Amino acid sequence: MSNGDPVIETRKVSKYFHDPVTAQVLKEVDLVVKRGEYASIVGKSGCGKSTLMYILSTMDTDYEGELYLDGERVTGLSHDRLSRIRNEKIGFVFQFHYLISEFSVLDNIILPGLKLGRFERPELEERAMGHLRTMGIEHQARNMANQISGGEKQRVAIARALINDPLILMCDEPTGNLDSRNSAIVEEIFKRIAAEHHRSLLVVTHDDELAARTDRIITMDDGRIVAL
Ligand SMILES: Nc1ncnc2c1ncn2[C@@H]1O[C@H](COP(=O)(O)OP(=O)(O)O)[C@@H](O)[C@H]1O
Ligand SMILES: [Mg+2]
Numbered sequence: 003m004s005n006g007d008p009v010i011e012t013r014k015v016s017k018y019f020h021d022p023v024t025a026q027v028l029k030e031v032d033l034v035v036k037r038g039e040y041a042s043i044v045g046k047s048g049c050g051k052s053t054l055m056y057i058l059s060t061m062d063t064d065y066e067g068e069l070y071l072d073g074e075r076v077t078g079l080s081h082d083r084l085s086r087i088r089n090e091k092i093g094f095v096f097q098f099h100y101l102i103s104e105f106s107v108l109d110n111i112i113l114p115g116l117k118l119g120r121f122e123r124p125e126l127e128e129r130a131m132g133h134l135r136t137m138g139i140e141h142q143a144r145n146m147a148n149q150i151s152g153g154e155k156q157r158v159a160i161a162r163a164l165i166n167d168p169l170i171l172m173c174d175e176p177t178g179n180l181d182s183r184n185s186a187i188v189e190e191i192f193k194r195i196a197a198e199h200h201r202s203l204l205v206v207t208h209d210d211e212l213a214a215r216t217d218r219i220i221t222m223d224d225g226r227i228v229a230l
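Position 217, counted from 1, in the sequence shown is what my numbering calls 219; the numbers after and before it change by one each time, with no gaps.
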C-alpha cells in the first residue's frame, strides 16, 4: 500500500436513530481518507460526527450504504471478522480514555497487542516503551493507570491505539478534556504520527485552531458533509 491509496471509504452511508422518534442522523455520507492523510472533522454539536466515527470504526454496523477499509468491503462482515480487522487496522482515541485503572500503564498499552498476537510480549513491551518515550512519560510505565494525570492518560490511550501499527488513528475530541499545554503535546504527537509513520489520522474536534493545523478539514452539518 502506498501514499494516496484510500484507507477508509464510505459510499452513501446513512444512519437512523429510532428513539424517541425516527430521525436520520447521517445522510448519504461519501468520504475517503487516504494513506498518510491527516484530516479533521468539524461541525456543530449534534451534527453527527461521533455517529460517523462509530460507523467508520466498524463498531456500529447498523447503517445503510457501504464501508471499505484498506480496499476491503467490511459492510456485512461478521462480528468476529470485524473485531479482528478493527484491532489490526484501526486505532481509536476517545475523549474519555477507558484505561483499565487497576492495570499498569504498560499493561494497558500492550493489551490490544496481546489480543491480536502479531507481536510477542517482550516486543510489545519494547514498542510500548518506545511510544511512552516519544510522549515523555516512560517513567510512568509501571504505575497504575489511575495514578497518573489526565493529560498522561490521554497519551497512554494514544500509545495503546498505536500498539498494533494501525493504518488509521481515529480520535473523537482527543483534546476535549485537556488543558492547552497537554493539548499541544497531543497535537505534536499526531503530527509526528502522520509525518514520520505515514499513517492516516482522522480527528473530530471542536478546536478550530487544531483543525486549521491538519492537512484537510471536513465540515459536517446536519448529517451531511458540506465541505471536504
Ligand atoms: N443512541 C442514540 N439514540 C438516539 N439519538 C442519538 C443517539 N446518539 C446520538 N443521537 C442523536 O444523533 C445526532 C448526532 O449525534 P452525534 O453524532 O453524537 O453528534 P456530534 O458528535 O456531532 O455532536 C444528535 O441529534 C443526537 O442527539
Ligand atoms: Mg460527538
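A virtual CB, placed ideally from N, CA and C, is assigned to each residue, including glycine. No experiment lies behind these values; they were computed from the predicted model shown.
CB contact check: residue i to chain B, cutoff 8 angstroms
i           : result
residue 124 : Among the protein chains of the structure shown there is no chain B, as only one such chain exists.
Near ligand 2: residue i beta-carbon under 7 angstroms from a heavy atom
i           : result
residue 174 : yes
residue 193 : no
residue 42  : no
residue 52  : yes
Buried versus exposed, by CB contacts within 10 Å (16 or more), residue i
i           : result
residue 175 : buried
residue 148 : exposed
residue 117 : exposed
residue 165 : buried
residue 182 : exposed
residue 160 : buried
residue 124 : exposed
residue 187 : buried
residue 98  : exposed
residue 21  : exposed
residue 194 : exposed
residue 11  : buried
Integer Cβ distance of residue i from residue j, believed to fall under 8 angstroms
i           : j           : result
residue 16  : residue 68  : Residue 16 to residue 68, Cβ: 11 angstroms. No contact.
residue 152 : residue 180 : 7 angstroms
residue 76  : residue 60  : 6 angstroms
residue 71  : residue 57  : Between residue 57 and residue 71 the Cβ distance is about 11 angstroms, and since that is not below 8 angstroms, they are no contact.
residue 163 : residue 93  : 3 angstroms
residue 8   : residue 91  : Not quite, the Cβ-Cβ distance comes to about 13 angstroms (not below 8 angstroms), so this is no contact.
residue 101 : residue 158 : 6 angstroms
Own chain partners of residue i with C-beta closer than 6 angstroms, once the 5 adjacent residues on each side are dropped
i           : result
residue 192 : 203
residue 27  : 17, 19, 50, 53 and 225
residue 207 : 42 and 213
residue 96  : 174
residue 103 : 147 and 148
residue 84  : 60
Sequence-distant residues of its chain with Cβ nearer than 7 angstroms to residue i (five each side left out)
i           : result
residue 13  : 32, 67 and 68
residue 127 : 108 and 112
residue 74  : none
residue 115 : 121, 126, 165 and 166
residue 89  : 114, 117, 118 and 166
residue 45  : 51, 221, 222 and 223
residue 6   : 36 and 37
Beta-carbon contacts of residue i that lie in its chain and below 8 angstroms, excluding the five residues immediately before and after
i           : result
residue 212 : 42, 177, 185, 189 and 205
residue 196 : 38, 39, 40, 202, 203 and 217
residue 227 : 31, 32, 33, 220 and 221
residue 64  : 17
residue 140 : 131 and 134
residue 145 : 106 and 107
residue 24  : 18
residue 29  : 16, 224, 225 and 226
residue 110 : 101, 102, 147, 158 and 162
beta-carbon residue i near ligand 1 non-hydrogen atom, thresh 7 angstroms
i          : result
residue 16 : no
residue 27 : yes
residue 38 : no
residue 12 : no
residue 72 : no
residue 48 : yes
residue 19 : yes
residue 67 : no
residue 45 : yes
Discussion item. Ignoring anything shorter than 3 residues, give me the beta strand (DSSP E) runs that lie fully in the stretch 8-45, in order along the chain.
Written reply: 8-19, 25-36 and 40-44
Fill in: Within the stretch 84-109, ranges of the beta strand (DSSP E) (whole runs, at least 3 residues)
92-96
Item to complete: Could you name each continuous alpha helix (DSSP H) segment of 4 residues or more that falls completely within the stretch 138-166, going from the start of the chain to the end?
Response: 152-164
Worksheet item: Where are the alpha helix (DSSP H) runs, 4 residues long or more, that stay fully inside the stretch 175-200, in chain order?
Response: 182-199
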